[in-house]
Amino acid sequence: VLAAMKFAVDECGAGSGGSRNIGGTNHYHVALEAELAALHGKQDAVLFTSGYSANEGALSVLAGRIDGCAVFSDQLNHASIIDGLRHSGAEKSIYRHNDCAHLEKLLSGVDPQRPKLVVTESVHSMRGDIAPLAEIADIAKRYGAVTFV
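Counting from 1235, one number per residue, gives the positions in the sequence shown under my numbering.
Here you go:
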């Protein structure tokens, strides 16, 4: 890893020259994405420049491309999650922070056949408290929802 890092610094320099959408994609991006895809047995992978852009990009596409998707989001989710869901155009319901009973009540009111997505953080970035992930995942599974953490 260190040798590869030194080689890349010697060849390309130490600065990024801006984010990928400004500075462009280079062969190192493509090679790393291919390696990550192979590692996970997938056709492709995509790298994001930050956690913010990963949440915003993934959620805007995931929630926006699943026809009729109903999204359930923790009220204290990070702005990147809120922005991604806003850009998706999907219908969303906000459940009280870490309140699994409220999440279940909201999920129970949705058509069982409708696609559903439950979105939370594992450690809530704004307060540092930990989400009850096992309970959230169990509730989501019971109602046929996908969990996005």
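Note that CB positions come from ideal geometry on N, CA and C, so glycine has one too.
- Nearest neighbour of G1285 by Cα position, chosen from S1322, N1332, L1367 and G1318, turns out to be G1318.
- In the three-state DSSP reduction, F1382 falls in the strand class (E or B).
- Between M1239 and H1263, the alpha-carbon positions lie close to 13 Å from each other.
- Judged by pairs of C-beta atoms under 8 Å, the region 1275-1283 does not touch the region 1325-1335, as fewer than three such pairs exist.
- Beta-carbon to beta-carbon, A1297 and K1350 are separated by about 10 Å, too far to satisfy the 8 Å threshold.
- With contacts defined as CB atoms closer than 7 Å, N1332 and I1315 fail to qualify as a contacting pair.
- Residues of the same chain with a CB within less than 7 Å of the CB of H1358, apart from the 5 flanking positions on each side, are L1310 and A1365 in chain order.
- A direct Cα-to-Cα measurement between I1300 and L1341 gives close to 17 Å.
- A1379 is classed as buried because its beta carbon has at least 16 other beta carbons within 10 Å across all chains shown.
- DSSP places E1355 outside both helix and strand once states are collapsed to three, so it counts as coil.
- With a beta-carbon spacing of about 11 Å, L1337 and V1353 fall beyond the 8 Å limit used to define contacts.
- Rounded to whole angstroms, the gap between the alpha carbons of D1372 and L1293 is 21 Å.
- For the pair V1295 and E1355, the Cα-to-Cα distance works out to about 18 Å.
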